[in-house]
Each structure stands twice: as structure tokens, then as C-alpha cells.
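**Student:** Here you go, one structure.
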Amino acid sequence: MQKILDAILADELDALAHLAVPETYRGMTVHADEANLFDGMETADKDPRRSLHLDEVPTPELGPGEALVAVMASAINYNTVWTSIFEPMSTFGFLKRYGKSSPLAAKHDQPYHVVGSDLAGVVLRTGPGVQAWKPGDEVVAHCLSVELESPDGHNDTMLDPEQRIWGFETNFGGLAELALVKTNQLMPKPKHLSWEEAASPGLVNSTAYRQLVSTNGANMKQGDTVLIWGASGGLGSYATQFALNGGAIPVCVVSSDEKAEICRRMGAELIINRSSEGYRFWKDEHEQDPKEWKRFGARIRELTGGDDPDIVFEHPGRETFGASVYVARKGGTIVTCASTSGFMHSYDNRYLWMNLKRIIGSHFANYREAWEANRLIAKGKIHPTLSKVYTLAETGQAARDVQSNAHQGKVGVLCLAPEEGLGVRDQELRARHLSEINRFRGV
Ligand SMILES: NC(=O)c1ccc[n+]([C@@H]2O[C@H](COP(=O)([O-])OP(=O)(O)OC[C@H]3O[C@@H](n4cnc5c(N)ncnc54)[C@H](OP(=O)(O)O)[C@@H]3O)[C@@H](O)[C@H]2O)c1
């Protein structure tokens, strides 16, 4: 592994094709025999630091259409939190089912799961049939794994019945020294960014792009008012940027003054601190409080000068969904990709049908959407919101930060990269965007 790292650090990328691939590598894993570790505990007490392990695992065999990537950096996504607390279910069920689907996929069914759905790194080897990528290419990977044998996925690859999220529903993810991906997950690494900066937008940037910008999502247009929950978080910090970059008007919801300041630094002006305003959308576990929806809607109107949101960017789920449906404007769209606070949503349907609102389900992004989202990063139109970087061995703590909402923007992880700041190939482009890069990173 050291020779591979030395070649990358010395920028001798052509040498990689001639260096032996290590037989084992270090990766962050959860263990199948610990899937019951947290049984009976409250969600918040299930601590990823107990279930995530840094293990030496065998390098998987490379199949047709696949690539083995030397991972320089990765990032924490909420799916790694879900995997590590075995909620809403253990991911070993996904791996077992995938393993049964074909001889090529059988290797994914292991008693360990190497997690992680983002990476920036360098291609080491490609499998048979690969034309578009070669050893030495500097890449980032999006996390959509598809088979495309069914007609269903050919208009929109997210509709492939065999669609999976790499590193969550497949093995050999990005929180590791090596990762196995399909080559149609690869995209060029933005040249003006360091490894950890380049790795961090990936999953959330692509998801927010489809959810908000794409015609498959809310199809946002100039002038739209967009209510963004968790606007300084993983998804939200990119949704806020897409809104601003696309001429829309974000109304950012956050839970602290520090997070409000992050939104301001990104250029947002309309911000609601949900903690200091003290919204209680639920009277108790069973009943919501429409008066609180109204109070929230009135605050939005106060900020916007009377406009209701054309689009509500939803992901907190159960706790906020009733309010989200209520505050969307007549004919507006609630677009949801998650249910962090609970997936059984309830809302007053009269406000939906009588006001001709639409609820759209959105999930990750197809290759085209992920490519377009990455291109905006590469052009310096959208910036990484990386706030903190951990070592691979500290991944458990990094995931704990995200689980307990103690983070801002994205949390990065150095895999092979020995320190932050390496891997920038276009210093001129970086210099042109340096003040924004620093501002968005909170430096
Ligand atoms: N379907 C997909 O493709 C996809 C892709 C990415 C993520 N996700 C899911 O989306 C969710 C968010 O992911 P993320 O990466 O953005 O996580 P994140 O970095 O933790 O950000 C989420 C933000 O939402 C806000 N929030 C959390 N609970 C809330 C509640 N009960 N009420 C109001 N706001 C709340 C918090 O911001 P404040 O405290 O500042 O309000 C938090 O920072 C996760 O469940 C994740 O699994 C789904």
C-alpha cells in the first residue's frame, strides 16, 4: 500500500498500473455477528463508536465493468450512521440479497460490511470491458450501483429494479484504503480541490441536485421560494447553494445561531432558527398542533414579504412533514428524500388536495444528475461545505458527530491521504475561488 501511496503523492500516476495490488487493505466495517449489539436501546444511545471497526480485509476480486480505487479521502453520510446502529434494519440483509443475485455479486455477502458512500482517489485497476477509465485516473465516485438488465432503468437509472446505494446496500465502500465500484460510478475529481474537499460533496450534492433542480425532482426555477430544512447540514448546505446559484430564494431552517451564520456565509438572507422560535409541531406523540404550523407559516411570510414556499425541501420526516405540507404554497411541491425523525408521516390532506400541492419522492440521483452536480463543483459554482476532517481510525467519532447533530455541513475522513490539503492539481482555479472555498468551509 505504501508504494501506491508514494506514487500518488509523487504524482507518478502512470506507475500505478505496474504496482501490485495489495492482497488486503484497511477498511471501516460493521460485523454481522454484532447486528444485535444495540437491541433494546434508545436510538440516540446506539453509539457508532462501538460498532464501527477498523479491520484488515481481503481485497475483492475485480469483475467486468468494475474498478478498484485507491481511496485518498471519504466522507460521513447519514447512511453510515444507519448502518452502524443497525437501524431501521441491519444492512447485512441487503448484502445477502445482493450476493444471491449473480455470481459476480456473491463476493458482497460477507460477515463484515465495509461502509462508506463517498470517495476521492485514484483508479488502480479496471475490470474486463472497461473503456472509459484507466489506472492513474483521479476520480470521485457517486454511489449509484445499477445492473440495467431490465428495461425499467433505461430512462432514469434510479428506476433500475437492481438499483443499490454503494457502501450501504453493497459492500467494499469508500471508508477504506481501497474501494470497489462499478466504473459507471466514476467522475473526474475536481482539480482545484484537495482530496478531502473533493470527496465530501458526493452523495449529498447529487441527492440535493436531483431533489431540487432536476426535472425528476422539484424542477426549481428562478425566483422560486424554497424552504430548506437543515439548511446548514449535509443535504441542506448544497440545497441552499443550488437555490442561490439558480436564482431562487432559500428560506433556511436551522437549530442554532452558529448554523444560521453558516447559511449567511453561503449568501442566504432569510433564516429561521427553529430552536429559538420554539416550534412544537407535535402536541404529544400522537397529535400535531396546526396552530404551530400556522405560526411557522406566518414567520415564513414575514421573511419573504408574503410569499409561501413554491418548494419545500424535506428530509426530517415525521416531525416536520405536517408543517411542510401546510406551508407550501397553493400548487407548490413538497419534495422528500428521507425521514430522519421517523418514517410514518402524517399531514392534513385537505391542505394538499384543496390547494393542489404535490408530494414528490426523491432518492439519490442518476449518473447524469450526479455528473451535472459534480461538474458544478468542478467549475467552482458550488463549493464543498466540509467543516471537520477525521482520520480513518476516528470514523466512529465522525459518525457519532453526525448522529448527534454536533456537526456542520460535511464531515470528512482521510483514508490514504496522510494529511489535509493534498491533491490540488489546478492551483490557478483554486486561487480564483479561494475566498469562497474558505468561506464555505468556515475557515
Ligand atoms: N434518499 C437519499 O438519497 C438520501 C441522500 C442523502 C441523505 N438522505 C437522508 O437525509 C437525511 C439528512 O441527511 P444529511 O446528510 O443532510 O444529514 P445531516 O448532515 O445530519 O443534516 C440534517 C439536518 O436536518 C436537521 N434536522 C434533523 N432532525 C430534524 C428535525 N427533527 N426537525 C427539523 N430539522 C431536523 C438538522 O439541522 P438543524 O438542527 O440545523 O435544524 C440536521 O443538521 C438523513 O436521514 C439521510 O439518511 C437521503
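Read the sequence shown against the numbering used here and you will find it ends at 1492, with the numbers running on by one and no gaps.
Using N, Cα and C, we set each Cβ at its ideal position, and we do this for glycine too.
Predicted, not measured: the structure shown is a model, and the values here were computed from it.
Could you spell out the range, first to last residue, of the beta strand (DSSP E) harbouring Ala993?
**Tutor:** Outside the modelled stretch of the chain, which goes from 1050 to 1492, sits residue 993, for which no answer is possible.
**Student:** Sort out for me which residues DSSP pairs Lys1430 with in a bridge.
**Tutor:** Taking the first residue of the sequence shown as 1, we reach residue 1430 at position 381. For Lys1430, which the question treats as bridged, DSSP gives no partner whatsoever.
**Student:** Suppose the cutoff is 7 Å on Cβ atoms and the five residues either side in sequence are ignored; what does the same chain contact list for Thr1132 look like?
**Tutor:** Residue 1132 sits at position 83 when you count from the first residue of the sequence shown. Val1079, Thr1140, His1162, Val1164 and Phe1217.
**Student:** If you count every other CB in all the chains shown that lies within 10 Å of the CB of Lys1149, and 16 or more means buried, which is it?
**Tutor:** Translated into the one-based positions of the sequence shown, residue 1149 becomes position 100. When all chains shown are included, Lys1149 counts as exposed.
**Student:** Helix, strand or coil for Asp1008 per DSSP?
**Tutor:** Lying before the first or after the last residue shown, residue 1008 is absent from the chain, which here runs from 1050 to 1492.
**Student:** List in chain order: all unbroken beta strand (DSSP E) runs of 3+ residues lying wholly within the region 1072-1135.
**Tutor:** Listed in chain order, the complete beta strand (DSSP E) runs (minimum 3 residues) inside the region 1072-1135 are 1073-1080, 1102-1107 and 1115-1124.
**Student:** Please state whether DSSP places Phe1217 in a helix, a strand or coil.
**Tutor:** The residue you call residue 1217 lines up with position 168 of the sequence shown. Phe1217: coil per DSSP, three-state reduction.
**Student:** Alpha carbon to alpha carbon, what distance is there between Gln1337 and Arg1479?
**Tutor:** As a position in the sequence shown, residue 1479 is number 430, starting the count at 1. As a position in the sequence shown, residue 1337 is number 288, starting the count at 1. Looking at the two C-alpha atoms, the distance is approximately 48 Å.
**Student:** Relative to ligand 1, is the shortest distance from any of its heavy atoms to the C-beta of Cys1386 smaller than 7 Å?
**Tutor:** To locate residue 1386, count along the sequence shown from 1; it is residue 337. Yes; taking the cut-off as 7 Å, the Cβ of Cys1386 has a heavy atom of ligand 1 nearer than that.
**Student:** Please go through the same chain and pick out, in chain order, the residues whose beta-carbon is closer than 8 Å to the beta-carbon of Ser1324, but skip the five residues on each side of it.
**Tutor:** In the sequence shown, the residue the question calls residue 1324 occupies position 275. The residues are Ser1304 and Ser1305.
**Student:** Look at the alpha carbon of Phe1392 and the alpha carbon of Glu1477, and state the distance between them as a whole number of angstroms.
**Tutor:** To locate residue 1392, count along the sequence shown from 1; it is residue 343. To locate residue 1477, count along the sequence shown from 1; it is residue 428. Rounded to whole angstroms, Phe1392 to Glu1477 spans 46 Å at the Cα level.
**Student:** Under the criterion of a Cβ to heavy atom distance below 7 Å, does Trp1131 qualify as lining ligand 1?
**Tutor:** Position 82 of the sequence shown, counting from 1, holds the residue named residue 1131. Flag set: Cβ of Trp1131 near ligand 1.
**Student:** Around the C-beta of Ala1280, are 16 or more other C-beta atoms found within 10 angstroms, so that it is buried, or is it exposed?
**Tutor:** The sequence position of residue 1280 within the sequence shown is 231, counting from 1. Result: buried.
**Student:** Could you tell me how far apart the beta carbons of Ser1166 and Trp1244 are, in whole angstroms, since I believe they sit closer than 8 Å?
**Tutor:** In the sequence shown, counting from the first residue as 1, residue 1166 sits at position 117. In the sequence shown, counting from the first residue as 1, residue 1244 sits at position 195. Not quite, the Cβ-Cβ distance comes to about 16 Å (not below 8 Å), so this is no contact.
**Student:** What alpha helix (DSSP H) runs, 4 residues minimum, are completely inside the region 1398-1431?
**Tutor:** 1398-1402 and 1416-1427, all fully within the region 1398-1431.
**Student:** Three Cβ pairs or more, each shorter than 8 Å: is that satisfied between the region 1268-1276 and the region 1443-1453?
**Tutor:** Short answer: they don't touch.
**Student:** Any heavy atom of ligand 1 within a distance shorter than 7 Å of the CB on Ser1390?
**Tutor:** In the sequence shown, residue 1390 corresponds to position 341, counting from 1. Yes; taking the cut-off as 7 Å, the Cβ of Ser1390 has a heavy atom of ligand 1 nearer than that.
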